[in-house]
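Here is the structure we will look at.
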Amino acid sequence: QQFTPTLSSITLILFHKPSPDLKPSDYLCPKILSLAMAATPTIEYVNHIESYVSSSSSPAQQAASIDAIALLLKNDLLTLEVLVREMEMYLTTTDNIIRSRGILLLGELLMRLILKPLGDTAISSLVEFFTERLADWKALHGALVGCLALLRRKSDAGMINKSQAKAVAQSYLQNLQVQLLGLQDRKLCLQLLECLLDCYPDALLSLGDDLVYGICEAIDGEKDPQCLMLVFRVVEVLAQLFPESSGPLANFAGDLFDILGCYFPIHFTHPKGDEIDVKREELSRALMLAFASTPLFEPSAIPLLLEKLSSSLPSAKVESFKYLSYCTLKYGGDRMEKYTESLWSALKDAIFTCPHSILSVDSNTIDGIGFHESEIMAQALELLQVLVRQHNASFLNLILGDGDISTFVNSFSQFDDFNSLSSEYKQRLHAVARILSVCVKSSGSSCNKVFESFFPRLVDALRLSVENSPEAIHSALDAKFNFGALYLCVELLAACRQLVVSSDKVASAPDLSHDTWCQILHSFSISLCSVFFCLIRASCAESTWNAYVYAAVKGLEILATFPGSFISASKFMYEKILLTLMSIIESDFNKTFLWKAALKVLVEISLFVNKYDEDVKAASFNSIVMQKIVSLISSGDLNMPLSLKLQAIFDIGMTRKTFMLAAASQLEKTISANLSEIFVHGNLQLAELTAVLLECYSIKVLPWFHCNGGADEVSLNLAVNIFAKMENITSLSLGVKGNEFLDATMAAMKQAVAGCSVESQVKVLRKALDVMATCSLFLSKDLILGTNRFNKKSQLCQTFDGLSCRDEWITSLFASVVIALHPQTRIPNIRLLLQLLTTTLLEGHLPSAQALGSLVNKLPVNISEDCSLEEVIDMLFKNEMWCNIIIGKEGSDGGAVNMGNPRISSMNSHAVIGLAWIGKGLLMRGHEKLKDVTMTFLSYLVSSGHNGNLLPFKDQMKDGAEHEVLCLRKSAADAFHILMSDSDACLNRNYHAIIRPLYKQRFFNIMLPMFLSAIVKCDSSTTRCFLYQAFAHLISETPLAAIVGDAKKVLPVLLDCFLMLSKDVSHKEIIYSVIIVLSGIITDKNGQEAIVENAPTVICRLTELTSYPHMMVIRETAIQCLAAMSELPYARIYPMRTQVLQALSKALDDTKRVVRQEAVKCRQAWASIASRSLHF
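Going by our numbering, the sequence shown opens with residue 34, and the numbers climb by one from there.
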């Protein structure tokens, strides 16, 4: 009969357990075997199978073989039945090693094919095979992997049924002794259990006691953190499977908890370098979930946790309270009722005597008075809240009837003055306040009971009544005021407010406005406000009064921020609170603590009004607070520091967008008015104040709008307004002192333009061009590109007559706009703009150079129909300003400079700096023209001219032309610092620069061989000095990973840099940047090979730098590097020990303490490898 083998038929027969004496041909149908063999293609997968099972294959080769076979199966280039037939020998052989590898290969392949659909027959055959293999302990690992892969399959790809899952579980329970297995197999066993319980709970129900007992046996004694995470999860899911109080879990609840209880509290720390990714907090939470997984654990868990509360370990107490809180919620009130007295006793002991809750009264802090609560106290209070809510009446009666609390509250009259309170009394005061606050916040009924029990006694201690007159309150303040009653009263008010706010969030919460506590508080609210007002007015500079001030200010905040439907202050009292706080802001700025506290309260009130839509309160706040705060900017009152004005405006303004818009508008008007006054009258004193306003606007206001929306309009208004002021003036004279003001204005302009959209930037650019048209340079005939007049002036180095003050301001602001533009912003008349910036660049105008760099970085490839990026670059490079530099045309390296040319002086240092910024823009976008720029600089460095060996050249006499040449070469060396360093002024992400990934690494790799070649060929000490300067700039700004890769090439030149550059004090900053690079190479594992090879030279240079006189941080870093060198191989550093110890003995007498400290540490490290009998 015709029969075609299928996956199910082949796997069904092959997975049948054969007799060891039979051959495949004896128990396989010959027809099936022949068809299967005929269907098997001779392809590479057979080699992969053989490679995997071979004992000579490496783990990497085995992994590659699995991936290759899995890919064939996923792409249907290989069928599972063909694969199984080919693997038949490896699955059934009596060779344990080969059989285990074959079964593991099949299991790993199934793990990779979880999502690939399989038929029911195939799955059934696979389940039967792997289930039986669980008894084969020598091939157990592969069997576990295969079973887990089958159990994790989803229904859409074909999954096992309940009976098959039960069969796996039964085989698991019968054959596996989990704790006798290795770590990986134990982990697989526990994952298998977790998967069965999670995905096939119905299949396991009938196993009952056998399942629970088997799990107890499997998890008992586990110690590995990763396995413990699975153990705790298995217990948690097992409890969900048998929730009945008389079910299988109940029979073993005590035994199961004994296994869990031995892990509490979790004490687990990672060994250094351990790859385990389980944290102690994760283990602790998993164990807590297991503890609370079933109420059946309650008889064992609660006594254990109560017992651990007496531990001397703080962590044990913290964990106990945390577990108690969670278990109390899960076990339920009925089961926890019998523990209430024990729990209250433990809570009171922890809260009252917690040694880590420390009271602080600090005039420099906003809170003034407060306890830094320990974690023990925080967890205890959380448990208290859970218990009060769960056992409302019974547990609250325990608290209210507690003799210690009642006695303490009654003792308030004995301690009136804050100074008379001991630290123990303050500790107890804080503890009682926290306990009662937790009770108040729990529910309306508990709040009623607390107020009825304690509030009358508090107001008596404060000498208050409903009818208190202001005179009576003043007389009470004349005496020693009862701080304890005041503090507790304020804390209860805060708890009431929290109760109201939390009930407002719940739609089904009962109405609390008619409760007893609400009526009591309403009757005393006016008297309390009066007390708080008087305390604030009576405040003085003494730090002890800060405690009273804090309580009073906090009390006013609470009364002002009750939701409108509850007992808050009346509108009259609410406005009086605002007026009082504003009076402090305007008049009491010399009382730092009071001022900061009042500002903080105003911020909280504003946030409350905004959050709860209190229209009436919002109107009052706007008229009383916001309008006055905004008016502070323009007020002529110079008594209040401007920094405090801006702090108040910004802190309150940021609570609401409308407030910030009003503040920004007023700030902009003030800046505009000040600019008019400065530009017309040259008021430099006002310029200093305006610079502060601009800094606040750019650093605080604009970033806030950028995060909260509306930045485009605000930024546009500021930028256009500044240009409008410049347009209206015809002359300007601010002198040298106006430079700081110009810098602040430029920074604000950049921030404003950067925050604008492309459309708004176009508007700003048009306005800037209109203003620029009034500039004298813009109208000069010398500016017209390509005219004979311009070319002649450039060739003869006839500079323009210098920038006037107005021209400098306009050009600087215009350059700021260009720097901050988006790449998408279209720039009109680009040719004229380039020539303008080039002209001002020659006058030493740095912003113009930065603007040119930004232009070439961000201009699109096709700027317009008649102009492209390449044309712009050509216009720049062919400009007559570079008349003596032939960029990218001559010389073997792509650029040439004739140092002997008498006209070289026409190429000034400003042009070199400008070319450097242009090159930086090209470098960051990865443009090929960068090569021409860098080769030009390199040509400057290596051209010898006729200056010989002049080092240091500044100390020798030379003519003007020679000095000019040296200055130009130094500028060329400094150009590499511009190319590689990060700039805050331009070409960064804040200003939308185009930044190609890894551009620094790529540039370093290109330039390194060129520098090495140039240094080797150099025979002039002056030229070598300039090359080392440029090389130092290159490596100091390159990411360390790139340098370490070429450490063997870099290190010799780097060490020569120290020798050459340390002769001139002007190079100290360069030396410091280079020694930082060296320290990175020393401490990097990949760079230590190069350090070891050059250890004598490295140590020699470092010992010389330990006495470098011009910079303390160089000496400190050199000693730190020497300390790191002490860990290198003994044979390489031992010969240098005497030299190092002698250098360190001198460093021990250094004038700087930090250097002496590092020298002591380093000396100890080196002395440990030297003879202890050495005398130095």
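Just so it is clear, CB atoms sit at the ideal spot from N, CA and C, and this is done for glycine as well.
If you're wondering where the values come from, they're calculated on a predicted model, not measured in any experiment.
Assignment of Asn895 by DSSP, reduced to helix, strand and coil, places it in the strand class. For Thr1056, the enclosing alpha helix (DSSP H) starts and ends at Ser1054 to Ser1069. Taking 8 Å as the cut-off, the Cβ atoms of Val1086 and Leu1031 do not count as close.
Taking one beta carbon from each stretch, the segment 404-424 and the segment 467-476 have 3 or more pairs nearer than 8 Å; the two touch. Cβ-Cβ distances below 6 Å link Ile569 to Ala585 in the same chain, with the five nearest sequence neighbours on each side left out; the list follows chain order. Shown here, Cys808 sits in coil according to DSSP, grouped into three states, outside any helix or strand.
For Ser901, the three-state secondary structure derived from DSSP is strand.
Contact between Tyr607 and Phe514 is absent: CB atoms are separated by about 25 Å, not below the 8 Å threshold.
Around the beta carbon of Gly179, a 10 Å sphere encloses 16 or more other beta carbons of the protein chains shown; the residue is thus reported as buried. Straight-line measurement puts the Cα of Gly294 at about 12 Å from the Cα of Gly254. Under the Cβ criterion (8 Å, minimum of three pairs), the segment 239-250 counts as touching the segment 279-288. With distances taken between CA atoms, Ala949 lies nearest to Ala1005 out of Ala1005, Glu1149 and Val1193. Shown here, Cys789 sits in coil according to DSSP, grouped into three states, outside any helix or strand. At a Cβ-Cβ threshold of 8 Å, Ser705 and Ala781 do not count as neighbours.
Distance from the CA of Ile860 to the CA of Leu727, rounded to the nearest whole angstrom, comes to 27 Å.
Straight-line spacing of the CA atoms in Glu485 and Leu554 works out to 11 Å. Taking C-beta atoms as the reference points, Lys783 and Tyr1024 count as a pair closer than 8 Å. Within the same chain, and ignoring the five residues on either side of Ala695 in sequence, the residues whose Cβ sits closer than 7 Å to its Cβ are Met659 and Val663. Boundaries for Asp1183: no alpha helix (DSSP H) harbours it, and the DSSP string shows neither H nor E there. Within the segment 303-383, no beta strand (DSSP E) run of at least 3 residues lies entirely inside it.
For Val211, there is no enclosing alpha helix (DSSP H), as DSSP gives it neither H nor E.
Within the segment 677-734, the complete alpha helix (DSSP H) segments of 4 residues or longer fall at 690-714 and 717-729, listed in chain order. Here DSSP, grouped into helix, strand and coil, assigns Lys220 to helix. Here the C-alpha atom of Arg496 lies approximately 23 Å from the C-alpha atom of Val473. Between Ala631 and Ile610, the C-beta spacing is not below 8 Å.
Taking a C-beta distance under 8 Å as the contact criterion, Phe1091 and Leu1060 do not qualify as a contact pair. Residue burial is scored here from C-beta neighbours: Arg1029 has fewer than 16 other C-beta atoms within 10 angstroms and is therefore classed as exposed. Here the alpha carbon of Val725 sits roughly 21 Å from the alpha carbon of Cys838. Taking the CA atoms as reference points, Leu526 sits about 22 Å from Leu612. If you draw a straight line from the Cα of Val270 to the Cα of Ala323, it is about 9 Å long. The way I'd put it, the segment 758-770 doesn't touch the segment 731-743; fewer than three beta-carbon pairs between them come closer than 8 Å. Under the DSSP assignment, Met1169 falls outside any alpha helix (DSSP H); it carries neither an H nor an E label. In the three-state reduction of the DSSP assignment, Phe557 falls in the helix class, which pools H, G and I. Contact between Lys171 and Asn208 fails: their C-beta atoms lie close to 13 Å from each other, not under 8 Å.
In the three-state scheme derived from DSSP, where H, G and I count as helix and E and B as strand, Val769 is classed as coil. Around the CB of Phe605, fewer than 16 other CB atoms lie within 10 Å, so the residue is classed as exposed.
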